[in-house]
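Asks:
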Amino acid sequence: YQYICLVLHPRGCCFLHCTTPFSPRLKPQPVLNLLDSKASQGELGWISYPQHGWEEISGVDEHYTPIRTFQVCNVMEYSQNNWLRTNWIPRQSAQKIYVELKFTLRDCNSIPLVLGTCKETFNLLYLETDDDQGSHFREHQFSKVDTIAADESFTQMDLGDRILKLNTEVREVGPMNKKGFYLAFQDVGACVALVSVRVYFKKCPYTVRNLASFPDTVPMDSQSLVEVKGSCVNHSKEEEPPRMYCSTEGEWLVPIGKCLCNPGYEEKSSTCQMCQPGFYKSTLGNTECSKCPPHSFSHHEGSLFCGCEKNYFRAEGDPVAMACTRPPSAPRNVISSINETSVILDWSWPEDNGGRRDITFTVVCKRCRSAPSGGGGLNQLCEPCRSNVRFLPRAAGLQNTTVTVADLLAHTNYTFEIEAQNGVSPLAPKMRQYAAVTITTNQAAPSPVTVIKKEKTSRNSVSLSWQQPERPNGIILDYEIKYYEKEEQETSYTILRARGCNVTLNGLKPNTAYLLQIRARTAAGYGASSPSIQFETSPDSFSISSENSQVVLIAISSAVAIILLTVLLYVLIGRFCCHGKSKHPDEKRLHFGNGHLRLPGIRTYVDPHTYEDPSQAVHEFAKELDASCIAIDKVVGAGEFGEVCSGRLKLPSKKEICVAIKTLKGGYTDKQRRDFLAEASIMGQFDHPNIIRLEGVVTRSKPVMIVTEYMENGSLDTFLRKHDAQFTGIQLVGMLRGIASGMKYLSDMGYVHRDLAARNILVNSNLVCKVSDFGLSRVLEDDPEAAYTTRGGKIPIRWTAPEAIAYRKFTSASDAWSYGIVLWEVMSYGERPYWEMSNQDVIKAVDEGYRLPPPMDCPATLYQLMLDCWQKERNNRPKFEQIVSILDKLIRNPGSLKITANTTSRPANLLLDRSSSEVTSVGTVGDWMDGMRTLPCKEAFSGVSYSSCDTLAKTSTEDLKKVGVTIVGPQKKIVSSLKALESHTKNGPVPV
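Next up, the structure:
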């Protein structure tokens, strides 16, 4: 409250501000003053009419600062009409103004002997004009704002104490349209003192929010908010257009949208500032600048990446956050094992891997010999080995430290250079290092004779010739020729030896078929025999010389060529005549509109996204169906784009079949339609019993539909949960074999699925599993190491390989990891992988080496296959061809499924299965429960009595439910541990 000192005046009252004992601190409002009478140091110059009405007097405020006030108190006279008008006030940008009045007013009842009419109110009025009208004053031009009444009026007692309270009233005026205005105060018979008049308007002040600046903004009116678009601060870009709303009270509401700092800049104090030297930022965003990774630097501000130090490099595919690396050192401890003309090379990993894990090895073979030098000595001359030298598994890109080199020459010197390479080796050719080993091959038998010619045939003899073996491996001493009559089947044969490469066999029977084999001999012994060739002697009195046989052969060849040319000409004429005929829309095409060429007999997947017009791919690979042939029976689910229904398809001259129908919901965009039909373009290229079959599409009428074969039992995970523990091991392996067969087919076509999970496997009435849901799938290039990299989209973390999560690189090897998870889902009857762990916990645990434990009663061979699929090094994971072969062997030998993983040794893993690994050291039930690390279960067991661990080991799932363990996950874990406990206690009960 503010208190006023009162000084009496013959005609009224004079008011002066005194001290302020209490002044509450109010939140400052963003306002602009148009008029403040307290700020004037001299006379205000306002017009008073009539002259004896309002009077301007001087005073001081609570800080003893001079102020100008107005007062009127003509209560002793009748019919008062006293006007006080301000000077012309420019409106500036205000739409609505506020008038704050501070005044005092005397209670009429406290005034003795009032002769006139006393009032306790006065009027506030205003007039809008475009310019200053000077002293001209017309009462009728003013519009009334309000009648002002006092909340606190003073009385005769207050006059005696000379202290009274100050009234404050605020009124809104507007909206205004002209350049300025006047305010007027009309007194109709009150005793009032106008202490101060302040005229102001509100605004939303300049501010910066979410790296966007918003200017001073004046509210338009009292009913609506003003939308203001922000401008991104320097060195930033819009992620979403920034905007805020200015309220009528001059306050900013919640900001929408934001700006992001450019690469090389980070957010600090609502600005984007350059990264300091030694730091970098490569992406758009409001993250902080990152410190340069090891062996890299940035000497300047605002670096987008850090350059590598000398002799350190960063490969093209390396992220900027990765440390700079260098080529590895040379392999160590090279050992060679020679076996005749083959050698096995083995070596150790380099001592320095250069800071990378993508190390491969390349083996270079050189054949060396000694040649005389100009100084009388010998020089070692080396040349690349012949192209027919074989490397097993290969010469380059080796990921293991061993290789076998075969088909070398005998008694020959070879030098092998073994180089370790990583991703940056091509960038530093001068830093490459290799280990070399020189060997001399042993004496070896010659290779088989492969080319044998029949030179001359008579009734009793045959002349033959042959070429020397491709690899004689030394000096050929002679050749052994073995022949016998075909009818006798080698029960009686004849052997001849020849030093040259020809022989004549005499004493043969006329018109008889013979079989013959030849093998060469060196000092190392005989080589392998040639394949058996057949020849026949001539009938009696008939022989053909070598020259005559050539003439006959030429004649026969000419006749055959003429016949083939005639047939070819006939076919070309037929094609030409039929060229103008239209093709049936179901005919297979070799050429595709996007330039792809598919050769007959070779199935290669073609990505529909590579077509300029993706809808063309639909008609290329999918059959168009007439909507009248489809009958929808019921809705069975909902997909991403619409409903999934079951129904029937009846094509002309074909039997009616049950089908599944995916529909595209109404109101779709062109992009949604293309994405919806892309799955049909993918499925239409596949033809395999374990891949969902596409029947066709409906694109020429609405709704747009994709029609596939109907799978009665739905998704595999739901089906397994519904039939928990109802199948034999062979049945489950059969399902898994079908899934692996389908994935082998996709892998062979150069295709990666990316979302292999039990939920995306469908099961028909015969328990045949088929791979489906190709929404996340992408194509791989011909290179088996090629991977599709995605920039966005959600990844199924629990089913995805670590390298696919970390680098978003998907290969058939990452599909193999996902297959291992599917295998776990099948053997656990649809249990959720990693249970209730969060996605981040799953990523961290897998990276630290954690692998899912074996499901209950899981065969050891299948769990080992799971672990093989979950190898961290993707190249160590089995191919789908190998997985199919493994499962086939298990089906042929069902006895191998009886050994469960719970009772066999497994790789040591602290996180793998604590329950079974720790039970061997259990002495009491409490110890066992402590080892289980499941406190709720321990509390459930606290009221149960067991005489021994042997008794505890016989606890069943039903017993667990009775003591309160009702959750399936802990049940299975406890039962698995109890089985191991039972095995541990076979030698006798352990006291509890």
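Going by this note's numbering, the first residue of the sequence shown is number 542, and it counts up by one from there.
We treat Cβ as the ideally placed atom computed from N, Cα and C, and that holds for glycine.
1. Which residues does DSSP list as the beta-bridge partners of residue 606?
2. Going by alpha carbons, who is nearest to residue 625 out of 642, 647 and 591?
3. Assign residue 634 to buried or exposed, taking buried as 16 or more other Cβ atoms, counted over all protein chains shown, within 10 Å of its Cβ.
4. Within the same chain, show all residues whose beta-carbon is closer than 8 Å to that of residue 1360, passing over the 5 residues directly before and after it, in chain order.
5. Give the C-beta separation of residue 1002 and residue 1037 to the nearest angstrom, bearing in mind that I take them to be a contact with Cβ-Cβ under 8 Å.
6. Determine which residues share a DSSP beta bridge with residue 1019 and list them.
7. Is DSSP giving residue 1385 helix, strand or coil here?
8. Can you name the start and end residues of the beta strand (DSSP E) that residue 1373 belongs to?
9. Out of curiosity, what's the CA-to-CA distance linking residue 1248 and residue 929?
10. Thinking C-alpha only, which one of 890, 907, 906 and 1384 is nearest residue 899?
11. Thinking C-alpha only, which one of 1398, 1365, 1381 and 1206 is nearest residue 1406?
12. Helix, strand or coil for residue 1196, going by three-state DSSP, please let me know.
13. If contacts are defined as beta-carbon pairs under 8 Å, then residue 642 and residue 689 qualify, I think. What distance do you get, rounded to the angstrom?
14. Just to confirm, is the Cβ distance from residue 982 to residue 882 under 7 Å?
15. Would residue 1011 be called buried (16 or more neighbouring beta carbons within 10 Å of its own) or exposed?
16. Suppose you measure from the CA of residue 1475 to the CA of residue 1394; what does that come to, to the nearest Å?
17. Who are residue 1400's beta bridge partners in DSSP?
18. If contacts are defined as beta-carbon pairs under 8 Å, then residue 752 and residue 813 qualify, I think. What distance do you get, rounded to the angstrom?
19. Decide yes or no for the touch test of the region 1374–1389 against the region 1337–1354: beta carbon pairs closer than 8 Å, at least 3 of them.
20. What first and last residue would you give for the alpha helix (DSSP H) that runs through residue 1362?
21. Residue 609 to residue 627, Cα distance in whole Å?
22. With a threshold of 7 Å between beta-carbons, can residue 1197 be considered close to chain B, or not?
23. What are the start and end residues of the beta strand (DSSP E) that includes residue 1073?
24. Under 8 Å by Cβ, that's how I've got residue 711 and residue 640 pegged, so tell me the actual separation to the nearest angstrom.
25. Give me, in chain order, the residues of the same chain whose beta-carbon lies closer than 7 Å to that of residue 1388; leave out the 5 immediate sequence neighbours on both sides.
26. From residue 855 to residue 1216, what distance separates their C-alpha atoms?
27. Thinking C-beta only, is residue 808 closer than 7 Å to residue 786?
28. Exposed or buried, what is residue 605 when buried is set at 16 or more other beta-carbons lying within 10 Å of its beta-carbon?
29. For residue 974, I'd like the list of residues in its chain whose CB is within less than 6 Å of its CB, leaving aside the five on either flank, ordered along the chain.
30. Could you compute how far the alpha carbon of residue 652 sits from the alpha carbon of residue 578?
31. What does a CB cutoff of less than 6 Å around residue 782 pick up in its chain, not counting 5 residues either side in sequence?
32. How would you write the range of the alpha helix (DSSP H) that residue 1425 sits in, first residue to last?
33. Curious, which full-length beta strand (DSSP E) runs of at least 3 residues does the region 842–903 contain?
34. Using the rule of at least 16 other Cβ atoms within 10 Å of the residue's Cβ for burial, across every protein chain shown, is residue 1294 buried or exposed?
35. Return helix, strand or coil for residue 660, following the three-state DSSP convention.
36. Quick check: the region 840–851 against the region 937–952, are at least 3 beta-carbon pairs closer than 8 Å?
Replies: Taking the geometry as given:
1. Its beta-bridge partners do not exist; DSSP assigns none.
2. Answer by Cα proximity: 591.
3. Residue 634 comes out exposed.
4. If we look at residue 1360 and ignore the five residues flanking it on each side, its Cβ neighbours are 1280, 1281, 1284, 1297, 1410, 1421 and 1424.
5. Rounded, the Cβ-Cβ distance is 12 Å, inconsistent with contact.
6. Per DSSP, 1062.
7. Taken through DSSP and simplified to helix, strand or coil, residue 1385 comes out as helix.
8. Counting along the chain, residue 1373 falls outside any beta strand (DSSP E), and DSSP gives it neither H nor E.
9. Inter-residue distance for residue 1248 and residue 929 is about 52 Å (C-alpha atoms, whole angstroms).
10. Closest option to residue 899, judged by alpha-carbon separation, among 890, 907, 906 and 1384: 890.
11. Just measuring C-alpha positions, the residue of 1398, 1365, 1381 and 1206 sitting nearest residue 1406 is 1365.
12. Residue 1196: coil per DSSP, three-state reduction.
13. Contact between residue 642 and residue 689 is confirmed by a C-beta separation of about 6 Å, below the 8 Å threshold.
14. Yes, these two residues count as a Cβ contact at 7 Å.
15. Exposed, by the Cβ-count rule.
16. At residue 1475 the pLDDT is 40, less than 50, meaning the model places this residue with poor confidence; the figure from the coordinates comes in the next sentence. About 16 Å.
17. Paired residue(s): 1441.
18. The Cβ separation is near 7 Å, so the contact holds.
19. With the cut-off at 8 Å, the region 1374–1389 and the region 1337–1354 touch.
20. It spans 1353–1368 - the alpha helix (DSSP H) in which residue 1362 sits, taken as one unbroken run.
21. Cα-Cα distance, rounded: 13 Å.
22. Chain labels in this structure do not include chain B; a single protein chain is all it has.
23. Run containing residue 1073: none; DSSP gives neither H nor E here.
24. Residue 711 to residue 640, Cβ: 7 Å. Contact.
25. Closer than 7 Å at the Cβ level, and outside the excluded window around residue 1388, lie 1343.
26. So the alpha carbons of these two residues sit roughly 37 Å apart.
27. The answer is no: Cβ separation not under 7 Å.
28. That one is exposed.
29. Correct list, in chain order: 870 and 871.
30. Rounded to whole angstroms, residue 652 to residue 578 spans 29 Å at the Cα level.
31. Sequence-distant Cβ neighbours of residue 782 in its own chain, meaning closer than 6 Å and more than five residues away, are 798.
32. Its alpha helix (DSSP H) spans residues 1421–1433.
33. 873–880 and 883–889, all fully within the region 842–903.
34. Its Cβ being crowded by 16 or more others within 10 Å, residue 1294 is buried.
35. Correct three-state label for residue 660: strand.
36. Here the region 937–952 does not lie against the region 840–851, with fewer than 3 beta-carbon pairs under 8 Å apart.
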